[in-house]
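Worksheet for the structure shown next.
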Amino acid sequence: MSILGVIGGTGLDQLSGLQIVDTHALETPYGEPSRPLQEGQLGGRRLFFLQRHGSPRAIPPHRVNYRANLWALQHLGVTDVVAINAVGGISEGMRPGRLVIPDQIIDYTWGREHTFDTGEDDTLMHIDFTSPYDARLRQALLDAAGRESIAHAGAGVHGVMQGPRLETAAEIQRMARDGCDLVGMTGMPEASLARELGLAYASVCMVVNAAAGLDDKPLTLEMMRDTLHREAAVVGRLLVALAAD
Ligand code: HPA
């Protein structure tokens, strides 16, 4: 049986509707996860929730302990991980308010602890990452969005930048030429670490702003938070529908 884990991003501190039955403060071989993991019931299903940036402190994207987070989820029995990511929109149609279930990644991050392969044993982790998101879990998300009539884009290339600063206009133009539809900061190495552990992993991206240089409005956190707040409620509905499947 699959057990669902949700990694909440910026704007998703709590999973509304989650009836919490336990909280797990774990120490892993890689250090502490971002926050104690909440165990609960959603849509009649057991689910674990972890806030990626912790709270009340906000861990920046390049300092998140992705290895500890994924290790902890697996340790608790999670098989399927749905990651929630706030992103900027690059391509046509990826406007603020859009929900996207991406199908590809381009990784621009650097200097992060990005593998469980320490070179200390013989298990070389040359994982197949051709399709970075799990096909079955993506389809389950697409089906849940369909059942709930939640407007969404069913594919997209998620470009993951190092942050924490936002991009320059030229960087976004380069990403557009590379084929990126979205720009975020937390999608990697989370996705490849999940694959290394054999976890099914898919992402739901919430577009909260037009990427740098694509809009005449300055990029402010307040603007992003407004959109996030609205989208988080929709993501909550999507997760309930997924859990109830
Ligand atoms: N760039 C990178 N990450 C982001 C953005 C952005 O414009 N918006 C939300 N996360």
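Throughout the sequence shown, residue numbering follows full-length UniProt numbering, covering 1 to 245 in sequence. From the three backbone atoms N, C-alpha and C, an ideal C-beta is built for every residue, glycine too. The model shown is predicted, which means the values in this text are computed figures rather than measured ones.
Express the C-alpha separation of residue j and residue i in angstroms, rounding to a whole number.
i      : j      : result
Pro189 : Ser2   : 23 Å
Val100 : Val183 : 12 Å
Ala244 : Ala170 : 43 Å
Leu15  : Gly236 : 7 Å
Gly31  : Leu37  : 14 Å
Asp181 : Leu76  : 34 Å
Ile84  : Gly213 : 24 Å
Ala211 : His126 : 33 Å
Gly5   : Phe49  : 6 Å
Buried or exposed, going by whether 16 or more other CB atoms sit within 10 Å of the CB of residue i?
i      : result
Ile7   : buried
Gln51  : buried
Asp134 : buried
Pro61  : buried
Asp103 : buried
Ser149 : exposed
Pro56  : exposed
Compute the beta-carbon to beta-carbon distance between residue i and residue j, rounded to the nearest angstrom, for a pair I have assumed lies under 8 Å.
i      : j      : result
Leu47  : Gly40  : 6 Å
Val160 : Ile105 : 6 Å
Thr79  : Leu199 : 7 Å
Met94  : Gly156 : 7 Å
Leu242 : Leu141 : 6 Å
Ala194 : Leu70  : 6 Å
Val87  : Val204 : Their Cβ separation, rounded to whole angstroms, is 10 Å, which puts Val87 and Val204 out of contact at 8 Å.
Taking the alpha helix (DSSP H) that residue i falls in, what are its first and last residues?
i           : result
Ala243      : 221-243
residue 288 : Only positions 1 to 245 of the chain appear in the structure, and residue 288 is not among them; the question remains open.
Gly43       : No alpha helix (DSSP H) holds Gly43; DSSP gives it neither H nor E.
Ser192      : 190-197
Gly146      : 135-147
Where does the unbroken beta strand (DSSP E) through residue i begin, and where does it stop?
i      : result
His53  : From DSSP, His53 is part of no beta strand (DSSP E); its letter is neither H nor E.
His24  : 19-24
Leu182 : 182-184
Leu4   : 4-8
State yes or no: is the C-beta of residue i nearer than 7 Å to some heavy atom of the ligand ATP?
i     : result
Leu73 : Looking for the ligand ATP in the displayed structure turns up nothing; the ligands present are the ligand HPA.
Please give me, in chain order, every unbroken run of the alpha helix (DSSP H) with length at least 4 that falls completely inside the segment 149-180. 169-178
Quick one: which unbroken beta strand (DSSP E) runs of 3-plus residues sit fully inside the segment 66-119? Chain order, please. Segments of the beta strand (DSSP E) lying fully in the segment 66-119: 80-89, 104-107.
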